[in-house]
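A short write-up of the structure that comes next.
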Amino acid sequence: AQSVTQLGSHVSVSEGALVLLRCNYSSSVPPYLFWYVQYPNQGLQLLLKYTSAATLVKGINGFEAEFKKSETSFHLTKPSAHMSDAAEYFCAVSVLANQGGKLIFGQGTELSVKP
Amino acid sequence: ETGVTQSPTHLIKTRGQQVTLRCSSQSGHNTVSWYQQALGQGPQFIFQYYREEENGRGNFPPRFSGLQFPNYSSELNVNALELDDSALYLCASRPGLAGFTSGANVLTFGAGSRLTVL
Numbered sequence: 139a140q141s142v143t144q145l146g147s148h149v150s151v152s153e154g155a156l157v158l159l160r161c162n163y164s165s166s167v168p169p170y171l172f173w174y175v176q177y178p179n180q181g182l183q184l185l186l187k188y189t190s191a192a193t194l195v196k197g198i199n200g201f202e203a204e205f206k207k208s209e210t211s212f213h214l215t216k217p218s219a220h221m222s223d224a225a226e227y228f229c230a231v232s233v234l235a236n237q238g239g240k241l242i243f244g245q246g247t248e249l250s251v252k253p
Numbered sequence: 007e008t009g010v011t012q013s014p015t016h017l018i019k020t021r022g023q024q025v026t027l028r029c030s031s032q033s034g035h036n037t038v039s040w041y042q043q044a045l046g047q048g049p050q051f052i053f054q055y056y057r058e059e060e061n062g063r064g065n066f067p068p069r070f071s072g073l074q075f076p077n078y079s080s081e082l083n084v085n086a087l088e089l090d091d092s093a094l095y096l097c098a099s100r101p102g103l104a105g106f107t108s109g110a111n112v113l114t115f116g117a118g119s120r121l122t123v124l
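Here the protein sequences line up with chains A and B, keeping their order.
Here my numbering is used: position 86 in the first sequence is 224, and no number is missing along the way.
Here my numbering is used: position 103 in the second sequence is 109, and no number is missing along the way.
In structure tokens:
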């Protein structure tokens, strides 16, 4: 069975500092991996996705993630945090291309950005 | 293009009651998925509808049921509400059943319906 583990339910960084949100997955077959962001009282917005092309994936708002098969990881990074990045971030996995509506989400990581 | 819209945004029910949540998919999207997000948790897949038929279901009991209409809008119905059903219910739509390697084939989420069961 597939699963996702997000390390750290809460991460706090200073404005301008590096953002690193950790995600490890478990899958017996090559996965599709996603990062979503959720702002208060809003739905989920896709930041980026990995679909077996380039292992370094660039997303919106300056975020990127690197797929590392040997480490079963898909960590999300941003070189310089902005106050507007404060939100909940979810890593998700899917292994069935034709079941794309079914994503398995991690527990989420709340990112706080201090001025 | 309009995104995914859900109604109502908030509602309160008592244990044992029934609830219907509604979702209008994004224009051009014929596939709708529903997720339950309990407080402090990640979303959990309930089921997916494609062309008015259920196409995949998560680990939820039969009292969670759904419909999809010819215009691709959808309803989520929950009978015999329990306290643990309190959650944010998210609807998401996408253009079809094609795989994720299709660049446009990603889920678009609505803002959700927050259900409180007392």
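For each residue, glycine too, the CB sits at the ideal point set by N, CA and C.
State the CB to CB distance for the pair residue i and residue j, rounded to an integer number of angstroms; the pair is presumed to be in contact (CB under 8 Å).
i, j, result
"A/A137", "A/V251", "The requested residue 137 of chain A does not occur in the structure, where chain A is confined to residues 139 to 253."
"A/L182", "A/I198", "Actually they are not in contact, since the Cβ atoms of A/L182 and A/I198 sit about 13 Å apart, beyond 8 Å."
"B/S92", "B/L121", "6 Å"
"B/L113", "B/S39", "7 Å"
"A/T247", "A/L156", "In fact, because the Cβ distance is near 15 Å, the residues do not count as touching under 8 Å."
Within 9 Å (strictly less), CB to CB, does residue i reach chain A?
i, result
"B/F51", "yes"
"B/A5", "Nothing in the structure corresponds to residue 5 of chain B, since chain B is present only between 7 and 124."
"B/G64", "yes"
"B/G34", "no"
"B/F70", "no"
"B/V123", "no"
"B/Q93", "First, the amino acid is wrong: residue 93 of chain B is Ala here, not Gln. Closer than 9 Å: no."
"B/L113", "yes"
"B/Q74", "no"
"B/S79", "no"
So if DSSP puts residue i in a beta bridge, which residue, or which two residues, is it bridged to?
i, result
"B/I52", "For B/I52, which the question treats as bridged, DSSP gives no partner whatsoever."
"A/T193", "According to DSSP, which records beta bridges pairwise, A/T193 is partnered with nothing at all."
"B/L112", "The sequence as given places Val at residue 112 of chain B; Leu does not occur at that position. For B/V112, which the question treats as bridged, DSSP gives no partner whatsoever."
"A/Q144", "A/C161"
"B/I18", "B/T122"
"A/Q81", "Chain A is shown from 139 up to 253; residue 81 of chain A falls before or after that span and cannot be answered."
"B/Y78", "Looking at the DSSP assignment, B/Y78 forms no beta bridge with any residue, so it has no partner."
"B/V25", "B/V84"
"B/V10", "None, per the DSSP bridge assignment."
"B/P96", "The residue asked about is misnamed: residue 96 of chain B is Leu in this sequence, not Pro. For B/L96, which the question treats as bridged, DSSP gives the partners B/Y41."
Check whether chain B comes within 9 Å of residue i, counting only Cβ atoms and requiring the distance to be less than that.
i, result
"A/N179", "yes"
"A/H165", "At residue 165 of chain A the sequence reads Ser, which differs from the His that was named. Taking Cβ atoms only, chain B never reaches closer than 9 Å to A/S165, which makes this a no."
How about residue i and residue j: are their beta carbons less than 9 Å apart?
i, j, result
"A/S152", "A/L249", "no"
"B/L96", "B/Y41", "yes"
"A/L171", "A/A230", "yes"
"B/T15", "B/S30", "no"
"B/F70", "A/L241", "no"
With a threshold of 8 Å, establish whether the CB of residue i neighbours any heavy atom of the ligand NAD.
i, result
"B/A117", "In terms of ligand content, the structure shown is empty, and the ligand NAD therefore cannot be addressed."
Taking only beta-carbon atoms, is residue i less than 9 Å away from chain C?
i, result
"A/L186", "Of the protein chains in this structure, namely A and B, none is chain C."
Practice problem: Determine, using beta-carbon pairs with one atom in the region 18 to 29 of chain B and one in the region 51 to 68 of chain B, whether at least three such pairs fall under 8 Å. | Solution: no
Quiz item: Is the number of C-beta pairs between the region 80 to 95 of chain B and the region 208 to 226 of chain A that are closer than 8 Å three or more?
Solution: no
Quiz item: On the three-pair Cβ rule with 8 Å, is the region 140 to 149 of chain A touching the region 160 to 169 of chain A?
Solution: yes
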